[in-house]
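Protein chains in written order, with this note's numbering: chain A, 73 to 333; chain D, 73 to 333; chain Y, 9 to 317; chain Z, 9 to 317.
We treat Cβ as the ideally placed atom computed from N, Cα and C, and that holds for glycine.
Bear in mind the structure is a predicted one, so any value in this text is a computation, not a measurement.
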Amino acid sequence: MIKDYTLTVTNQIEVADTIYELTLAGAITKDPIAAGQFVNVKIPNPAYILRRPFGIAEVNVAQGYIKLIYRVVGDGTQILAQLSKGATLNVLGPLGHGFPSEFLNQNADVLIIGGGTGLPPLYELSRRLYHEGHHLDIALGFPNKQRIFYEAKMSQFGHTMVSTDDGSYGLQGTIIDLIDQNFTDKSYQAIYACGPRGLELAVSAHFKGHPHAYISAEARMACGIGICNACVLHTTADTSGATNKKVCTDGPVFHINEVVL
Amino acid sequence: MIKDYTLTVTNQIEVADTIYELTLAGAITKDPIAAGQFVNVKIPNPAYILRRPFGIAEVNVAQGYIKLIYRVVGDGTQILAQLSKGATLNVLGPLGHGFPSEFLNQNADVLIIGGGTGLPPLYELSRRLYHEGHHLDIALGFPNKQRIFYEAKMSQFGHTMVSTDDGSYGLQGTIIDLIDQNFTDKSYQAIYACGPRGLELAVSAHFKGHPHAYISAEARMACGIGICNACVLHTTADTSGATNKKVCTDGPVFHINEVVL
Amino acid sequence: MTTLGVQLPGLDLKNPIMPASGCCGFGEELGNLYDLNQLGAIMIKAATSKPRFGNPTPRVAETPQGMLNAIGLQNPGVATIVAEKIPKLHAKFKDLPIIANVAGSAQADYVAVCDQISRAPGVSAIELNISCPNVAHGGMEFGVDPTAAFELTKACVNVSAVPIYVKLSPNVTDIREIAKAVAMAQPAGFTLINTLVGMRFDLTTRQAILANQTGGLSGPAVLPVALRLIHQVRSVCDLPIIGMGGVTCAEDVLEMIIAGADAVAIGTANLTDPFACPEIITALPAVMAKYHISSIESLIHERKGKLVK
Amino acid sequence: MTTLGVQLPGLDLKNPIMPASGCCGFGEELGNLYDLNQLGAIMIKAATSKPRFGNPTPRVAETPQGMLNAIGLQNPGVATIVAEKIPKLHAKFKDLPIIANVAGSAQADYVAVCDQISRAPGVSAIELNISCPNVAHGGMEFGVDPTAAFELTKACVNVSAVPIYVKLSPNVTDIREIAKAVAMAQPAGFTLINTLVGMRFDLTTRQAILANQTGGLSGPAVLPVALRLIHQVRSVCDLPIIGMGGVTCAEDVLEMIIAGADAVAIGTANLTDPFACPEIITALPAVMAKYHISSIESLIHERKGKLVK
Ligand SMILES: Cc1cc2nc3c(=O)[nH]c(=O)nc-3n(C[C@H](O)[C@H](O)[C@H](O)COP(=O)(O)OP(=O)(O)OC[C@H]3O[C@@H](n4cnc5c(N)ncnc54)[C@H](O)[C@@H]3O)c2cc1C
Ligand SMILES: Cc1cc2nc3c(=O)[nH]c(=O)nc-3n(C[C@H](O)[C@H](O)[C@H](O)COP(=O)(O)OP(=O)(O)OC[C@H]3O[C@@H](n4cnc5c(N)ncnc54)[C@H](O)[C@@H]3O)c2cc1C
Ligand SMILES: Cc1cc2nc3c(=O)[nH]c(=O)nc-3n(C[C@H](O)[C@H](O)[C@H](O)COP(=O)(O)O)c2cc1C
Ligand SMILES: Cc1cc2nc3c(=O)[nH]c(=O)nc-3n(C[C@H](O)[C@H](O)[C@H](O)COP(=O)(O)O)c2cc1C
Ligand code: FES
Ligand code: FES
Numbered sequence: 073m074i075k076d077y078t079l080t081v082t083n084q085i086e087v088a089d090t091i092y093e094l095t096l097a098g099a100i101t102k103d104p105i106a107a108g109q110f111v112n113v114k115i116p117n118p119a120y121i122l123r124r125p126f127g128i129a130e131v132n133v134a135q136g137y138i139k140l141i142y143r144v145v146g147d148g149t150q151i152l153a154q155l156s157k158g159a160t161l162n163v164l165g166p167l168g169h170g171f172p173s174e175f176l177n178q179n180a181d182v183l184i185i186g187g188g189t190g191l192p193p194l195y196e197l198s199r200r201l202y203h204e205g206h207h208l209d210i211a212l213g214f215p216n217k218q219r220i221f222y223e224a225k226m227s228q229f230g231h232t233m234v235s236t237d238d239g240s241y242g243l244q245g246t247i248i249d250l251i252d253q254n255f256t257d258k259s260y261q262a263i264y265a266c267g268p269r270g271l272e273l274a275v276s277a278h279f280k281g282h283p284h285a286y287i288s289a290e291a292r293m294a295c296g297i298g299i300c301n302a303c304v305l306h307t308t309a310d311t312s313g314a315t316n317k318k319v320c321t322d323g324p325v326f327h328i329n330e331v332v333l
Numbered sequence: 073m074i075k076d077y078t079l080t081v082t083n084q085i086e087v088a089d090t091i092y093e094l095t096l097a098g099a100i101t102k103d104p105i106a107a108g109q110f111v112n113v114k115i116p117n118p119a120y121i122l123r124r125p126f127g128i129a130e131v132n133v134a135q136g137y138i139k140l141i142y143r144v145v146g147d148g149t150q151i152l153a154q155l156s157k158g159a160t161l162n163v164l165g166p167l168g169h170g171f172p173s174e175f176l177n178q179n180a181d182v183l184i185i186g187g188g189t190g191l192p193p194l195y196e197l198s199r200r201l202y203h204e205g206h207h208l209d210i211a212l213g214f215p216n217k218q219r220i221f222y223e224a225k226m227s228q229f230g231h232t233m234v235s236t237d238d239g240s241y242g243l244q245g246t247i248i249d250l251i252d253q254n255f256t257d258k259s260y261q262a263i264y265a266c267g268p269r270g271l272e273l274a275v276s277a278h279f280k281g282h283p284h285a286y287i288s289a290e291a292r293m294a295c296g297i298g299i300c301n302a303c304v305l306h307t308t309a310d311t312s313g314a315t316n317k318k319v320c321t322d323g324p325v326f327h328i329n330e331v332v333l
Numbered sequence: 009m010t011t012l013g014v015q016l017p018g019l020d021l022k023n024p025i026m027p028a029s030g031c032c033g034f035g036e037e038l039g040n041l042y043d044l045n046q047l048g049a050i051m052i053k054a055a056t057s058k059p060r061f062g063n064p065t066p067r068v069a070e071t072p073q074g075m076l077n078a079i080g081l082q083n084p085g086v087a088t089i090v091a092e093k094i095p096k097l098h099a100k101f102k103d104l105p106i107i108a109n110v111a112g113s114a115q116a117d118y119v120a121v122c123d124q125i126s127r128a129p130g131v132s133a134i135e136l137n138i139s140c141p142n143v144a145h146g147g148m149e150f151g152v153d154p155t156a157a158f159e160l161t162k163a164c165v166n167v168s169a170v171p172i173y174v175k176l177s178p179n180v181t182d183i184r185e186i187a188k189a190v191a192m193a194q195p196a197g198f199t200l201i202n203t204l205v206g207m208r209f210d211l212t213t214r215q216a217i218l219a220n221q222t223g224g225l226s227g228p229a230v231l232p233v234a235l236r237l238i239h240q241v242r243s244v245c246d247l248p249i250i251g252m253g254g255v256t257c258a259e260d261v262l263e264m265i266i267a268g269a270d271a272v273a274i275g276t277a278n279l280t281d282p283f284a285c286p287e288i289i290t291a292l293p294a295v296m297a298k299y300h301i302s303s304i305e306s307l308i309h310e311r312k313g314k315l316v317k
Numbered sequence: 009m010t011t012l013g014v015q016l017p018g019l020d021l022k023n024p025i026m027p028a029s030g031c032c033g034f035g036e037e038l039g040n041l042y043d044l045n046q047l048g049a050i051m052i053k054a055a056t057s058k059p060r061f062g063n064p065t066p067r068v069a070e071t072p073q074g075m076l077n078a079i080g081l082q083n084p085g086v087a088t089i090v091a092e093k094i095p096k097l098h099a100k101f102k103d104l105p106i107i108a109n110v111a112g113s114a115q116a117d118y119v120a121v122c123d124q125i126s127r128a129p130g131v132s133a134i135e136l137n138i139s140c141p142n143v144a145h146g147g148m149e150f151g152v153d154p155t156a157a158f159e160l161t162k163a164c165v166n167v168s169a170v171p172i173y174v175k176l177s178p179n180v181t182d183i184r185e186i187a188k189a190v191a192m193a194q195p196a197g198f199t200l201i202n203t204l205v206g207m208r209f210d211l212t213t214r215q216a217i218l219a220n221q222t223g224g225l226s227g228p229a230v231l232p233v234a235l236r237l238i239h240q241v242r243s244v245c246d247l248p249i250i251g252m253g254g255v256t257c258a259e260d261v262l263e264m265i266i267a268g269a270d271a272v273a274i275g276t277a278n279l280t281d282p283f284a285c286p287e288i289i290t291a292l293p294a295v296m297a298k299y300h301i302s303s304i305e306s307l308i309h310e311r312k313g314k315l316v317k
């Protein structure tokens with residue numbers, strides 16, 4: 073059930089250059105949260121009226137917290153980065169649909185593709201898939217070494233390789249280069265990707281026709297709950313636009329064939 | 073010198089129903105401050121762009137703090153009331169001109185007339201006049217018993233009497249009733265008044281022609297420093313309005329004959 | 009007379025609060041979050057004769073205490089709205105008056121849509137949107153021209169089965185001229201304001217943030233402009249006004265009624281907080297008590313008594 | 009070419025920043041707080057032919073991220089301004105180009121004031137205020153009528169000894185019409201925007217907060233509207249534009265230049281923080297570096313290259 077939760081900051085750490093991990097405790101974990109869902113966060117500064125969407129990076133039901141991981145890119149994230157322990161935050165969620173995985177066979181081979189701050193929702197997904205016994209290969213791309221985060225944490229769940237745009241760490245190249253050079257010997261039952269639009273376009277092209285290749289799309293949002301039509305995408309089925317998909321309620325996770333990115 | 077000081081809240085207490093005393097420490101006390109000057113306070117909430125003017129209620133140069141006393145009447149004061157120790161506040165000041173007193177003879181008889189939240193700047197004035205050896209009579213008016221503050225503190229400096237509009241404490245009546253009934257046997261060398269417009273009009277009428285009767289005027293302000301013309305008053309000398317006075321820079325203290333309230 | 013109730017042509021409102029068009033879809037999503045029967049009414053998303061995808065994205069941008077939108081009247085078309093969206097809403101929330109928002113690019117479209125949608129069960133009134141700033145043709149073109157606005161309103165009033173409220177544009181030199189012209193066509197009332205035209209630019213790309221370049225400004229930033237325009241229309245006309253523009257709390261609602269409104273719609277505030285409308289409704293009685301307002305109708309009467317034309 | 013310098017007709021600006029008219033008096037008070045020679049220029053308070061007290065008080069009210077003012081062109085009259093205010097400012101700050109703001113209620117007044125004030129030593133340009141919303145006659149009346157605006161501008165251009173920048177009103181249906189008409193009178197450029205008309209009401213008294221009822225809205229709330237209007241005027245006209253409306257920081261300055269401005273005035277921000285202008289000037293180089301802008305002139309050139317008419 074979507075609610076406007078008041079969550080308490082129990083921790084905030086800078087996990088890489090300009091990238092923060094925020095731990096938020098409160099009642100939001102009492103209802104089920106799917107991996108890939110997101111929250112819409114009220115910036116704790118009354119000058120800003122639009123909330124900011126962030127993927128849910130981790131759900132801990134036992135201890136009653138969620139984690140968000142975000143990069144400081146503008147005013148809103150700048151303000152979030154200043155929050156310290158004990159501060160409260162209004163968080164609307166959980167929103168959207170998560171990554172589908174009910175179709176997976178036992179011990180399925182799965183490829184996880186994460187680019188930069190697209191990684192957060194894939195962490196929670198990987199954690200769950202791993203505990204369900206699936207075999208994960210994980211390709212992570214970052215702009216450079218300073219911006220790498222969660223490499224070790226992802227490695228817990230499967231074979232993890234990293235590329236950087238500038239070659240300052242791991243393979244120099246794009247995530248598609250990384251996949252082409254390292255992840256071609258298996259045929260994966262499912263591919264889950266999240267990252268900048270370029271990455272998602274490349275993944276969509278690369279895995280064209282794959283029955284279970286999913287991306288989590290980004291869009292400028294306002295409401296996050298389907299009432300404003302800010303976040304629509306054309307569907308591949310009907311480019312006239314008469315039908316369309318809202319990233320906030322129909323997504324953010326789509327099959328790569330479903331929408332025009 | 074007027075500066076935009078960043079002051080630190082070192083204390084905040086509710087001295088009467090809805091009335092708060094705020095202690096602010098910082099460099100503002102390093103330059104001289106006259107009794108009757110005011111500050112223009114940035115509301116620590118970015119939704120508000122106009123500052124709020126408050127009289128300086130106390131200056132402590134030795135310990136480096138000033139005090140403000142204000143009543144919660146709207147959004148801005150509501151937000152100020154939530155500040156706790158350690159918070160910082162942008163305070164522009166000191167602004168305007170204080171109460172003139174250089175003309176006073178030694179051990180002069182002086183009448184102080186304070187109504188409600190008009191009292192704050194009169195506290196600092198009384199403190200100074202008392203220490204300079206003048207004899208103070210003090211008439212204070214409040215709406216009711218719950219809203220009385222600083223009666224004991226003012227009593228240190230002179231004979232103090234209180235009236236309330238509803239008679240719940242002291243004399244039932246206006247401050248002019250109080251003066252008529254209790255402060256007519258002396259001829260005061262100076263009268264200093266601050267309070268709501270009604271009080272100031274009554275005081276102006278009552279002491280008409282007195283060479284040293286001063287009021288501190290209120291006005292809706294924006295800049296507080298004379299650049300916006302929000303706070304003008306007509307002068308009694310020229311009601312055509314061609315000449316006029318700004319409360320923020322020409323005042324807030326005026327001789328009762330000077331301006332049209 | 010209840011404390012919060014307001015009677016307007018076609019609209020028996022249990023309270024003066026309704027979500028504004030474009031900020032509540034067709035009620036489906038908000039209806040999953042709270043009981044919409046609590047609302048005075050609902051103003052559903054614009055309907056046009058054909059389905060519309062609307063403008064390219066990005067469609068929203070933030071501004072100080074406001075936002076720009078350039079949705080471009082995205083909607084599934086009047087046929088689907090009448091066949092699916094409205095029946096679904098009406099079936100779930102029987103007590104909720106529905107105000108259908110009608111837009112178009114030519115007078116004939118508006119007339120056809122009014123004709124059709126005004127006959128849908130549950131639709132209590134039409135909001136005639138002659139003021140959308142985000143479409144290339146129609147919309148605001150009508151709203152800024154007194155003659156076109158009059159003609160269009162008259163044609164729609166003639167064909168509609170329910171009262172018509174005409175939604176005026178704030179992007180005009182003198183809204184009184186437009187209001188007077190529209191009033192001659194005898195609509196039931198007005199709704200105002202639609203959004204102010206604005207822009208934002210991205211410092212990195214040096215381009216407009218919105219794909220449509222310009223967008224409509226809404227949210228608290230526009231409140232003082234909305235209050236002025238409502239007051240101006242009220243000063244030339246007795247017709248009911250549903251006011252909107254920047255309202256976020258019960259105090260704003262009362263201020264808008266003082267300015268000249270008879271009911272108040274909440275737009276952008278729903279996007280910041282989907283529970284904004286029920287929260288405002290809940291808050292109203294205490295705030296009214298604070299200002300000695302015994303009922304919304306009494307505040308409207310008090311204003312009528314005072315108003316100097 | 010320096011990093012921040014801008015050359016405009018009559019104005020050799022060391023940086024694009026100047027306090028806007030009505031938000032810096034005649035420079036006396038700010039000049040006691042900081043060295044005004046740091047500024048690109050200063051736009052002094054409106055001058056009218058006769059002294060004006062202006063409107064009754066209260067003259068200001070707060071709005072979300074904005075304020076209303078209804079000062080009503082209070083000023084000591086052109087004679088005193090020319091005899092006392094300008095000489096004092098010019099004597100103290102020799103390097104500071106002064107832009108004199110001229111207002112009036114009839115064309116003859118405007119012409120007379122332009123004639124007189126344009127000859128005052130230190131005055132580098134005139135800002136012709138045909139857009140003040142806070143006076144009963146004149147002001148905005150000229151600014152909303154293309155013919156009147158053209159006539160007035162032409163008469164003032166003819167008589168003025170310095171370049172004239174015409175200050176346009178945002179309270180119009182289509183600012184391009186006004187700008188095109190005014191451009192035919194060959195002024196040196198435009199300044200925009202003046203304030204949007206707004207109102208606030210007091211819940212206790214149920215009356216408008218401002219004694220004048222309506223006031224002009226300024227501050228961050230209007231930034232997106234200002235950017236749109238500047239962009240619209242830029243799209244129909246090559247004349248220099250001094251932009252203003254809601255600018256509070258270096259980022260806003262650059263955004264306004266991208267929108268179409270050649271220099272930027274800071275109004276309301278001075279009232280919130282009297283040191284706003286020097287703070288913005290100080291901040292500009294680092295923010296420019298962040299967005300790879302080598303100089304203000306280069307940003308203007310880049311925009312000119314891109315602009316599709
Ligand atoms: C479903 C979803 C999940 C996301 N998850 C994450 C995440 O886990 N970690 C993370 O770092 N980022 C994530 N983002 C992107 C994140 O929302 C933006 O980086 C953030 O809103 C920027 O806010 P700002 O105020 O700092 O930037 P500003 O540029 O100042 O923001 C201005 C406006 O633009 C919007 N905006 C700016 N950049 C983006 C963007 N890339 N996507 C969508 N809206 C944007 C903001 O929401 C705001 O409305 C996600 C976006 C979506 C849609
Ligand atoms: C020179 C001067 C000294 C003052 N000293 C004191 C003092 O020592 N203690 C105290 O309690 N109050 C004092 N006041 C009044 C105080 O400024 C207002 O009570 C305060 O600004 C209200 O702010 P608000 O946001 O709570 O009210 P709101 O009503 O929400 O404020 C809205 C706007 O109106 C203005 N405003 C509202 N009431 C007044 C008022 N009475 N006078 C001037 N502007 C007002 C606010 O500054 C703001 O711009 C003084 C006023 C002036 C001009
Ligand atoms: C995202 C969005 C979409 C809108 N769509 C419509 C619309 O379809 N039809 C319409 O008449 N008004 C539309 N509006 C305008 C609102 O109904 C309302 O008039 C305006 O936003 C001012 O109110 P507010 O400040 O409370 O949002 C839209 C506004 C927003 C923010
Ligand atoms: C208090 C005040 C007084 C003003 N007086 C004048 C004036 O005398 N002449 C004028 O052309 N504009 C005047 N303006 C308008 C400003 O110059 C400026 O155009 C407007 O405020 C928008 O800019 P801002 O949002 O930065 O304030 C005044 C504005 C304010 C807030
Ligand atoms: S963000 Fe509002 S519909 Fe998706
Ligand atoms: S408050 Fe601006 S001149 Fe006095």
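Q) So is the beta-carbon of CYS31/Y under 6 Å away from any non-hydrogen atom of ligand 7? A) By its list of ligands, the structure shown excludes ligand 7, since it contains just ligand 1, ligand 2, ligand 3, ligand 4, ligand 5 and ligand 6.
Q.
Measuring only from the beta carbon, is PHE126/A closer than 6 Å to any heavy atom that is part of ligand 1?
A. For the purposes of this step, residue 126/A is identified with residue 54 of the first sequence, where counting begins at 1. PHE126/A: yes, Cβ under 6 Å from ligand 1.
**Q.** Other residues of its chain near PHE60/Z: CB distance less than 8 Å, five sequence neighbours each side excluded
**A.** Position 52 of the fourth sequence, counted from the start, is the residue given in the question as residue 60/Z. The displayed chain sequence assigns Arg, not Phe, to residue 60/Z. By the criterion of a C-beta distance shorter than 8 Å, ARG60/Z is surrounded in its chain by GLY80, LEU81, GLN82, ASN83, GLY85, once the five residues flanking it on both sides are discounted.
**Q.** For GLN154/A, the first and last residue of its enclosing beta strand (DSSP E)
**A.** For the purposes of this step, residue 154/A is taken as residue 82 along the first sequence, with counting starting at 1. Segment: none, GLN154/A is in no beta strand (DSSP E) and carries neither H nor E.
Q. Can you list the residues of chain A that VAL131/Y reaches, using a CB-CB cut of under 8 Å?
A. The residue you call residue 131/Y lines up with position 123 of the third sequence. Neighbours of VAL131/Y on chain A: none; closest Cβ ~19 Å, over 8 Å.
Q. Using a Cβ-Cβ distance under 7 Å, would LEU152/A count as near chain Y?
A. Locating residue 152/A in the first sequence gives position 80, where the first residue counts as 1. Answer no: the Cβ-Cβ gap between LEU152/A and chain Y never drops below 7 Å.
Q) Which one or two residues does DSSP pair with PHE244/A in a beta bridge? A) Here the question's residue 244/A lines up with position 172 in the first sequence. According to the sequence shown, residue 244/A is Gln rather than Phe. Its beta-bridge partners are THR236/A.
Q. Listing by chain order, which chain A residues have their CB less than 8 Å from the CB of ASN77/Y?
A. Stepping through the third sequence from its first residue, residue 77/Y is reached at position 69. Result: ALA294, CYS300, ALA302.
Q.
Am I right that LYS258/A and ASP181/A are in contact with their C-beta atoms under 8 Å? What's the rounded C-beta distance?
A. Position 186 of the first sequence, counting from 1, holds the residue named residue 258/A. Position 109 of the first sequence, counting from 1, holds the residue named residue 181/A. Rounded, the Cβ-Cβ distance is 5 Å, consistent with contact.
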